[in-house]
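Q:
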Amino acid sequence: MDNTHEESDDGYGSAESGDEEAMNYSAYDDDDDLLEDNKVDEFGEIKFPQVNYTVMKEEEIAKLQEDYITEVSTVLSVSKSDACLLLPHFHWRVEELKDEWFADEDKVREKAGLLKKPIVDHNARANLRITCGICFEEYHYDRCILSASCGHPFCRDCWAGYISTSICDGGPACLRLTCPEPSCSAAVGPDLIQKVLSITNREAEYGKYKTYLLRSYVEDHKKIKWCPAPNCNCAIQFDAFGGMVSYSVSCLCSHSYCWNCTEENHRPVDCETVRKWILKNEVDSQNAQWILVNSKPCPKCKRPIQKNKGCNHMTCRSPCRYEFCWLCLGPNKGYRGCYCNSYRPRSVGNPETSRNASTVERERKRPKVYLDRYVHYYERWENNGRSKAKAVEDFNKVKTEDIMLLGDIQGNTIESEYDFIIEAWQQIIECRKVLRWTYAYGYYIGEDAYAKKDLFEYLQGHAEFSLERLHNCAESELQQFLDFSLSADAEKFNEFRTKLMGLTKVTGTYFNKLVTALEEGLPETSRYGAGAAYEATNWKCGQCTYINVGSAVTCEVCTEQNPPDGYWNCERCTYRNPVSTTRCGMCADAEV
Numbered sequence: 001m002d003n004t005h006e007e008s009d010d011g012y013g014s015a016e017s018g019d020e021e022a023m024n025y026s027a028y029d030d031d032d033d034l035l036e037d038n039k040v041d042e043f044g045e046i047k048f049p050q051v052n053y054t055v056m057k058e059e060e061i062a063k064l065q066e067d068y069i070t071e072v073s074t075v076l077s078v079s080k081s082d083a084c085l086l087l088p089h090f091h092w093r094v095e096e097l098k099d100e101w102f103a104d105e106d107k108v109r110e111k112a113g114l115l116k117k118p119i120v121d122h123n124a125r126a127n128l129r130i131t132c133g134i135c136f137e138e139y140h141y142d143r144c145i146l147s148a149s150c151g152h153p154f155c156r157d158c159w160a161g162y163i164s165t166s167i168c169d170g171g172p173a174c175l176r177l178t179c180p181e182p183s184c185s186a187a188v189g190p191d192l193i194q195k196v197l198s199i200t201n202r203e204a205e206y207g208k209y210k211t212y213l214l215r216s217y218v219e220d221h222k223k224i225k226w227c228p229a230p231n232c233n234c235a236i237q238f239d240a241f242g243g244m245v246s247y248s249v250s251c252l253c254s255h256s257y258c259w260n261c262t263e264e265n266h267r268p269v270d271c272e273t274v275r276k277w278i279l280k281n282e283v284d285s286q287n288a289q290w291i292l293v294n295s296k297p298c299p300k301c302k303r304p305i306q307k308n309k310g311c312n313h314m315t316c317r318s319p320c321r322y323e324f325c326w327l328c329l330g331p332n333k334g335y336r337g338c339y340c341n342s343y344r345p346r347s348v349g350n351p352e353t354s355r356n357a358s359t360v361e362r363e364r365k366r367p368k369v370y371l372d373r374y375v376h377y378y379e380r381w382e383n384n385g386r387s388k389a390k391a392v393e394d395f396n397k398v399k400t401e402d403i404m405l406l407g408d409i410q411g412n413t414i415e416s417e418y419d420f421i422i423e424a425w426q427q428i429i430e431c432r433k434v435l436r437w438t439y440a441y442g443y444y445i446g447e448d449a450y451a452k453k454d455l456f457e458y459l460q461g462h463a464e465f466s467l468e469r470l471h472n473c474a475e476s477e478l479q480q481f482l483d484f485s486l487s488a489d490a491e492k493f494n495e496f497r498t499k500l501m502g503l504t505k506v507t508g509t510y511f512n513k514l515v516t517a518l519e520e521g522l523p524e525t526s527r528y529g530a531g532a533a534y535e536a537t538n539w540k541c542g543q544c545t546y547i548n549v550g551s552a553v554t555c556e557v558c559t560e561q562n563p564p565d566g567y568w569n570c571e572r573c574t575y576r577n578p579v580s581t582t583r584c585g586m587c588a589d590a591e592v
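In this text, residue positions in the sequence shown follow full-length UniProt numbering: the first is 1, and each later residue adds one.
Here you go:
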């Protein structure tokens with residue numbers, strides 16, 4: 001780029017980030033990752049196992065609809081065309097239609113516009129010339145005149161124009177089309193519509209009519225919804241409701257979404273929170289956008305930097321080489337972690353001044369404080385959405401290009417040997433999506449719910465830090481093995497494999513814990529209180545850095561034993577040190 005300095009993440013693999021290199025992940029396997037049994041499509045959506053739902057193609061839906069029409073036609077002794085008129089009036093509820101029909105047939109007929117006998121009878125004048133009620137031209141009745149069940153005569157060209165306009169301009173309202181005679185309520189059925197449009201070479205309009213009829217069946221069905229993806233003609237029937245049922249579904253078109261609200265999958269927040277958040281974004285995001293710019297200045301040299309990768313660890317270009325966090329612009333040396341997920345209100349002035357300020361002045365500043373808080377969560381929500389989209393793009397490149405190139409360089413073209421890379425990117429994409437919605441969750445935590453807010457930020461911060469490590473490893477460290485100019489080093493590649501699998505495992509466990517805690521309403525606050533108190537009851541594994549509950553004897557992820565009393569594990573090299581020293585005896589890193 002000519003006028004911007006883009007970030008580079010090459011500092012991750014340097015001596016400055018040696019703590020990453022020294023970690024031992026050899027005890028990991030990937031048997032119970034967050035994404036177990038799930039696959040990621042080319043759009044970066046996770047396709048969940050089809051347990052609670054059934055994906056139906058258009059022809060399958062048409063078959064179900066035809067069964068309803070046939071049943072009504074047979075039981076009520078009416079034509080299939082009349083059945084097509086009756087069912088939409090009762091929202092395709094066959095039993096309700098049958099009950100009301102047998103209770104009061106005339107009332108049902110009147111409601112649907114089905115007449116038992118015509119109002120105007122032309123049978124005795126079949127050879128006469130009849131005047132069309134629209135164009136007022138005379139036609140032979142048996143050649144050019146058509147009518148609905150009411151008998152009002154209109155020529156076929158006027159019928160065609162009337163029906164075609166209704167279908168093209170009226171949309172689904174064409175299913176309740178009535179006779180053109182102003183005072184007549186007789187329904188125009190699909191048999192007449194098909195006849196008129198076929199003899200006037202307007203089959204395309206009849207195809208639209210059939211589509212509206214089919215869609216009405218789905219839209220009136222409580223358990224079936226159309227897939228919201230563009231140009232998709234599939235629908236999903238959801239079979240399990242209530243309790244802790246997941247509404248995450250995946251269509252045959254590869255689009256995954258929440259069946260209940262048809263938005264993207266949004267665990268761990270509920271559909272109502274998603275609705276409120278999206279509505280708020282529609283109202284307030286324009287105010288936020290002028291604050292959020294596409295580039296940010298380096299905190300040290302002030303040169304503009306444009307983000308072009310997925311993780312948030314940034315390194316300014318030479319000679320500056322300053323490492324910082326993209327979100328908060330705070331220092332992030334050697335990828336030791338930046339916990340900037342917490343919202344801290346900006347100071348609005350000297351405390352004494354604020355204490356003595358007038359009510360009017362405080363009220364004047366209140367909208368600015370609210371906007372700052374909203375911008376904090378909106379920026380991180382939006383940033384993780386972009387990071388997910390970039391991860392999807394990178395994942396597609398990894399699948400289609402990098403894996404093949406890696407096989408050629410490593411001399412092993414068996415694709416299954418590189419599944420660990422695919423699984424890592426699947427994990428990244430899913431976790432980016434989850435992390436994105438945790439910021440919507442955080443926005444709606446009450447400002448006075450201090451313990452819940454602290455615990456939320458504690459859990460979210462650890463999950464986010466773990467994801468950033470994984471994203472960096474999969475995004476940047478993989479590149480060193482895709483260079484043909486370097487000879488293949490099997491030992492280093494196996495070390496990379498072990499590390500990436502370990503990070504995938506740890507990240508999946510963190511996010512499983514995060515999602516479970518948020519969906520349960522952070523119940524641990526009643527037991528442990530704020531995040532700091534919660535952390536005090538836990539211990540960090542020296543081998544994989546996972547935070548375990550205090551009662552655990554071994555690490556939940558890698559089975560490493562909890563260090564006994566009197567020892568602490570170095571976070572950098574995992575060496576176990578006695579508490580009598582505050583500096584690691586192996587790498588000289590200070591105890592945190």
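Think of the CB as a built atom: it goes at the ideal place given N, C-alpha and C, for glycine as much as any other residue.
Bear in mind the structure is a predicted one, so any value in this text is a computation, not a measurement.
(1) Got a sec? Which residues, its chain only, sit under 6 Å from A240 by beta carbon, not counting five neighbours each side?
(2) May I ask which residues mark the beginning and end of the beta strand (DSSP E) holding V55?
(3) Going by DSSP, which residues form a beta bridge with Q226?
(4) List in chain order: all unbroken beta strand (DSSP E) runs of 3+ residues lying wholly within the region 80-159.
(5) Could you pull the start and end residues of the beta strand (DSSP E) that V249 belongs to?
(6) Tell me the residue span of the alpha helix (DSSP H) that contains S198.
(7) Sort L500, E382, G407 and Y374 by Cα distance to Q426 and report the nearest one.
(8) Can you find the residues in the same chain that come closer than 7 Å, C-beta to C-beta, to E464, ignoring five residues on each side of it along the sequence?
(9) Would you list the one or two residues that DSSP bridges to A324?
(10) Suppose you measure from the CA of C555 to the CA of T504; what does that come to, to the nearest Å?
(11) Alpha carbon to alpha carbon, how far is N577 from T273?
(12) By DSSP, does A240 sit in helix, in strand, or in coil?
(13) Return the CA-CA distance between residue 594 and F238, expressed in angstroms with no decimal places.
(14) Closer than 8 Å is the cut-off here; do at least three beta carbon pairs connect the region 180-199 with the region 222-234?
(15) DSSP beta-bridge partners for K296?
(16) DSSP three-state call for C258: helix, strand or coil?
(17) Below 7 Å CB to CB, which residues in the same chain sit around T581 once its five sequence neighbours on both sides are set aside?
(18) For P268, name the three-state secondary structure that DSSP assigns.
(19) Closer than 8 Å is the cut-off here; do at least three beta carbon pairs connect the region 448-465 with the region 396-406?
(20) DSSP state of P172, grouped into three classes?
(21) Specify the secondary structure class of R275 as computed by DSSP and reduced to three states.
(22) Relative to the C-alpha of V369, which residue among V249, E447 and V283 is closest?
(23) CB-CB under 7 Å to R143, same chain, minus the five flanking residues each way: which ones, in chain order?
(24) Using a Cβ-Cβ cutoff of less than 6 Å, which residues in the same chain neighbour E45 once the five nearest sequence positions on both sides are dropped?
A: With the structure as the only source:
(1) What you label residue 240 is simply residue 240 of the sequence shown in a count that begins at 1. Closer than 6 Å at the Cβ level, and outside the excluded window around A240, lie N52.
(2) Here residue 55 corresponds to residue number 55 of the sequence shown, with the count starting at 1. Where V55 is concerned, the enclosing beta strand (DSSP E) starts and stops at Y53 to M56.
(3) The residue you call residue 226 lines up with position 226 of the sequence shown. For the record, residue 226 in the displayed sequence is Trp; it is not Gln. Note: W226 sits in a beta bridge opposite A235.
(4) 129-131 and 138-140, all fully within the region 80-159.
(5) Here residue 249 is taken as the residue at index 249 of the sequence shown, counted from 1. For V249, the enclosing beta strand (DSSP E) has its first and last residue at S248 to S250.
(6) Taking the first residue of the sequence shown as 1, we reach residue 198 at position 198. Counting along the chain, the unbroken alpha helix (DSSP H) around S198 starts and ends at P190 to I199.
(7) The residue labelled residue 426 in the question sits at position 426 within the sequence shown. That would be L500, whose Cα lies nearest to the Cα of Q426.
(8) If you number the sequence shown from 1, residue 464 lands on position 464. Correct list, in chain order: N341 and L435.
(9) Here residue 324 is taken as the residue at index 324 of the sequence shown, counted from 1. The sequence as given places Phe at residue 324; Ala does not occur at that position. For F324, DSSP records a beta bridge to M314 and P331.
(10) Here residue 555 corresponds to residue number 555 of the sequence shown, with the count starting at 1. Here residue 504 corresponds to residue number 504 of the sequence shown, with the count starting at 1. Here the C-alpha atom of C555 lies approximately 16 Å from the C-alpha atom of T504.
(11) Position 577 of the sequence shown, counting from 1, holds the residue named residue 577. Position 273 of the sequence shown, counting from 1, holds the residue named residue 273. In this structure, the alpha-carbon of N577 lies about 47 Å from that of T273.
(12) Taking the sequence shown and counting its residues from 1, one reaches residue 240 at position 240. DSSP places A240 outside both helix and strand once states are collapsed to three, so it counts as coil.
(13) This structure does not reach residue 594, given that the chain is present from 1 up to 592, and the question cannot be answered.
(14) In the pairwise beta carbon analysis, the region 180-199 is classified as not touching the region 222-234: fewer than three pairs are separated by under 8 Å.
(15) Translated into positions along the sequence shown, residue 296 becomes position 296. When beta bridges are read from the DSSP output, K296 appears opposite I305.
(16) The residue labelled residue 258 in the question sits at position 258 within the sequence shown. Strand at C258.
(17) The count along the sequence shown starts at 1 and reaches residue 581 at position 581. Correct list: empty, nothing qualifies.
(18) To locate residue 268, count along the sequence shown from 1; it is residue 268. Judged by DSSP in its simplified three-state form, P268 adopts coil rather than helix or strand.
(19) In short, these stretches do not touch, since the Cβ pair count stays below three.
(20) Taking the first residue of the sequence shown as 1, we reach residue 172 at position 172. In this structure, P172 counts as helix in the three-state DSSP scheme.
(21) Within the sequence shown, numbered from 1, the residue matching residue 275 stands at position 275. In the structure shown, R275 sits in a helix (DSSP, three-state: H, G or I).
(22) For the purposes of this step, residue 369 is taken as the residue at position 369 of the sequence shown. Nearest C-alpha to V369: E447.
(23) As a first step, residue 143 is located in the sequence shown; it is residue number 143 there, counting from the start. There are no such residues.
(24) Within the sequence shown, the letter at position 45 stands for residue 45. With a pLDDT of 46 at E45, under the threshold of 50, the predicted position of this residue should be treated as unreliable, though the coordinate-derived value follows. Excluding sequence neighbours, E45 sits near S256.
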